[in-house]
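A.B. asks: Can you keep this structure in mind? I'll have questions shortly.
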Amino acid sequence: MERGKLLYEDFCVRCHMPDGKGQKDIIPPIAKSDFLFKHMEESIKALKFGGIDGEIIVNGVKYNSRMEKMGLYDDEIADIMNYTLNSWGNKYDKIIKEDYVKSLKK
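Take any residue in the sequence shown, count from 1 to its spot, add 40: that is its number in our numbering.
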């Protein structure tokens with residue numbers, strides 16, 4: 041979790057903020073995000089391939105901004121996901137593994 045936190049601080053915090061709440065009506069929250077849990081694979085692909093095409097609805101609010109591709113390795117993506125899935129009131133009992141991230145195709 042510590043490595044995931046450090047990676048989040050390096051790559052994600054400027055848009056999603058230190059508290060994971062995002063930026064109102066511009067950048068969706070990760071904290072207590074219904075989208076993150078309902079669309080786990082799509083969320084991981086957003087980190088891996090650079091954003092989600094089209095509009096999404098997170099906690100009842102529409103967002104249509106594209107996340108840039110970060111150039112992260114699969115193990116780094118897994119660490120970020122495990123950190124965000126268990127921070128700011130989020131709770132996820134499973135572990136996202138590097139092999140799973142690696143298996144995802146665009």
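Note that the Cβ used here is the ideal one computed from N, Cα and C, for glycine as well.
Compute the Euclidean distance between the alpha carbons of R43 and N122, then round it to the nearest angstrom.
C.D. replies: For R43 and N122, the distance between alpha carbons rounds to 10 Å.
A.B. asks: Below 7 Å CB to CB, which residues in the same chain sit around K137 once its five sequence neighbours on both sides are set aside?
C.D. replies: These residues qualify, in order along the chain: A118.
A.B. asks: Taking only runs that begin and end inside the stretch 45-115, name each unbroken alpha helix (DSSP H) of 4 or more residues, in chain order.
C.D. replies: For the stretch 45-115, whole alpha helix (DSSP H) runs of length 4 or above, ordered along the chain, are 53-56, 74-78, 80-89.
A.B. asks: Could you spell out the range, first to last residue, of the alpha helix (DSSP H) harbouring Y140?
C.D. replies: Segment 138-143, the alpha helix (DSSP H) holding Y140.
A.B. asks: Between the alpha carbons of N126 and Y132, how many angstroms are there, rounded?
C.D. replies: Answer to the nearest angstrom: the Cα atoms are 6 Å apart.
A.B. asks: What's the gap between the Cα of K145 and the Cα of S83?
C.D. replies: Roughly 13 Å separates the two Cα atoms.
A.B. asks: I need the straight-line Cα distance from L47 to I120, nearest angstrom please.
C.D. replies: Their backbone Cα atoms lie some 6 Å apart in a straight line.
A.B. asks: Can you give me the C-alpha to C-alpha distance between E95 and I67, rounded to a whole angstrom?
C.D. replies: E95 and I67: Cα-Cα distance of roughly 12 Å.
A.B. asks: Can you give the beta carbon distance from M107 to G91, rounded, assuming they're within the 8 Å contact cut?
C.D. replies: Contact holds; Cβ gap of about 4 Å.
A.B. asks: Out of Q63, K134, N130, D50, which has the shortest C-alpha to C-alpha gap to A71?
C.D. replies: When each option's Cα is compared against that of A71, the closest is N130.
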